[in-house]
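Just so we're aligned: the sequence shown equals residues 389 to 611 in the working numbering.
All C-beta atoms in this analysis are idealised placements derived from N, C-alpha and C, irrespective of residue type, glycine included.
Computed from a predicted model, the values in this text were never measured in an experiment.
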Amino acid sequence: MCVRNCILLLFWTCLSAIISVGCSSDLPDDVEAAYASLPEKVDFNFHIRPILSDRCFSCHGPDENTRKGELRLDLEEEAFAALKSGSGHAFVSGSLNRSQAFQRMITSDPELQMPPPDSKLELESEEVALIAKWIEQGAKWKPHWAFVAPQPVAVPRLKNEDWVANNEIDYFIWKKLEESELQPNEMADKERLIRRVSLDLRGLPPTIEEIDAFLKDDSPDAY
Numbered sequence: 389m390c391v392r393n394c395i396l397l398l399f400w401t402c403l404s405a406i407i408s409v410g411c412s413s414d415l416p417d418d419v420e421a422a423y424a425s426l427p428e429k430v431d432f433n434f435h436i437r438p439i440l441s442d443r444c445f446s447c448h449g450p451d452e453n454t455r456k457g458e459l460r461l462d463l464e465e466e467a468f469a470a471l472k473s474g475s476g477h478a479f480v481s482g483s484l485n486r487s488q489a490f491q492r493m494i495t496s497d498p499e500l501q502m503p504p505p506d507s508k509l510e511l512e513s514e515e516v517a518l519i520a521k522w523i524e525q526g527a528k529w530k531p532h533w534a535f536v537a538p539q540p541v542a543v544p545r546l547k548n549e550d551w552v553a554n555n556e557i558d559y560f561i562w563k564k565l566e567e568s569e570l571q572p573n574e575m576a577d578k579e580r581l582i583r584r585v586s587l588d589l590r591g592l593p594p595t596i597e598e599i600d601a602f603l604k605d606d607s608p609d610a611y
């Protein structure tokens, strides 16, 4: 009886570990390699919606004339609803195995593959990995970003305290440079600065008078 109980305990322990880790170990090798370098949190609007729009909406989007399989992936209620074919759901929160759309993205069977080979559309390994992680993290759907009220975001802290930020936007730029292990260019000279800002704002180079005035202006807010 003791041996039987130990075996059962080991079985349930292993099963719980498999469930808690998720299904990423079942991913194709190239997708699993891409998975390792993904951001910690996958965002639907930033990461997932562009992939679905570019690769899936031509066959499963808002145009009913080109829609196939009576499946829409541009609407949340449709993307998570039972498939009309009766073979499960396109996406299931937290489950890669039960998400039929995802399974078709990773299958090698050309008859089942999504996007189909004849569509000339192809998902990159990183894109498949992003969808996998999104599903594992709960497949949270968001309305289009244009309809989401902007919220304040905490200004990131920098490792390099020598970098001087003129405004809050600079902190986000510096942070991305740090993450990418890049160094910023040296500050441009004033002749280049006034040329850039003039071309950006009005599409014309600065006049000689404007350049001379800017070069003579040493105040902190000259730019």
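Minimum C-alpha distance to residue i - residue among the options
i	options	result
ASN433	ARG590, GLU420, TRP551, LEU463	LEU463
ILE436	ALA421, ALA517, ASP418	ALA517
PHE560	LEU461, GLU569, LEU546	LEU546
TRP620	THR495, ASP431, ASP414, ALA424	Nothing can be reported for residue 620, as the shown portion of the chain is limited to 389 through 611.
ALA542	GLU579, GLU428, GLU556	GLU556
PRO544	ALA553, ASP577, ASP600	ALA553
GLU506	CYS447, TYR611, SER441	Rather than Glu, the amino acid found at residue 506 in this sequence is Asp. Of CYS447, TYR611, SER441, the residue nearest in Cα terms is CYS447.
LYS564	ALA576, ALA601, GLU574, ASN548	ASN548
Chain-order list of residues whose beta-carbon lies under 6 Å from that of residue i (same chain, five-residue window excluded)
i	result
TRP551	TRP562
ASP418	SER513
GLY410	Since pLDDT at GLY410 reaches only 43, below the 50 mark, its modelled position is unreliable, and the value read off the structure follows with that caveat. Excluding sequence neighbours, GLY410 sits near GLU524.
GLU466	ARG460
SER412	Residue placement at SER412 is poorly supported in this model, since its pLDDT is 47, which falls under 50; the coordinates are not used for a value here.
PRO498	PRO505
Residues near residue i in its chain [Cβ-Cβ closer than 7 Å; skip 5 each side]
i	result
LEU443	Note on residue identity: the sequence assigns Arg, not Leu, to residue 443. These residues qualify, in order along the chain: PRO503, LEU509, LEU511.
LEU471	LEU459, HIS477, ALA478, GLN488
PHE535	none
LEU589	none
ASP605	none
Presumed contact (8 Å Cβ cut-off) between residue i and residue j, rounded CB distance
i	j	result
PRO572	ILE582	Between ILE582 and PRO572 the Cβ distance is about 20 Å, and since that is not below 8 Å, they are no contact.
SER481	GLY526	5 Å
PHE445	LEU426	Not really, about 23 Å apart at Cβ, beyond 8 Å.
LEU500	ARG492	5 Å
Proximity of residue i and residue j at Cβ, strictly below 9 Å
i	j	result
ILE439	ILE519	yes
TRP522	PHE468	no
LEU603	GLU579	yes
GLY457	SER441	no
SER586	GLU569	no
Nonlocal neighbours in the same chain, by C-beta distance under 8 Å from residue i, ignoring five residues either side
i	result
SER607	none
ILE494	LEU415, PRO416, VAL419, VAL516
ALA421	SER513
ASP610	Just to set this straight, residue 610 is Ala in the shown sequence, not Asp. Result list for ALA610: PHE602, in chain order.
THR454	SER446, CYS447
ASP600	none
Cβ-heavy atom distance, residue i to the ligand GTP, below 8 Å
i	result
ALA489	The ligand GTP is absent from the structure shown, which contains no ligand whatsoever.
Complete alpha helix (DSSP H) runs within the stretch 452 to 519 (minimum length 4 residues, chain order): 464 to 467, 488 to 494
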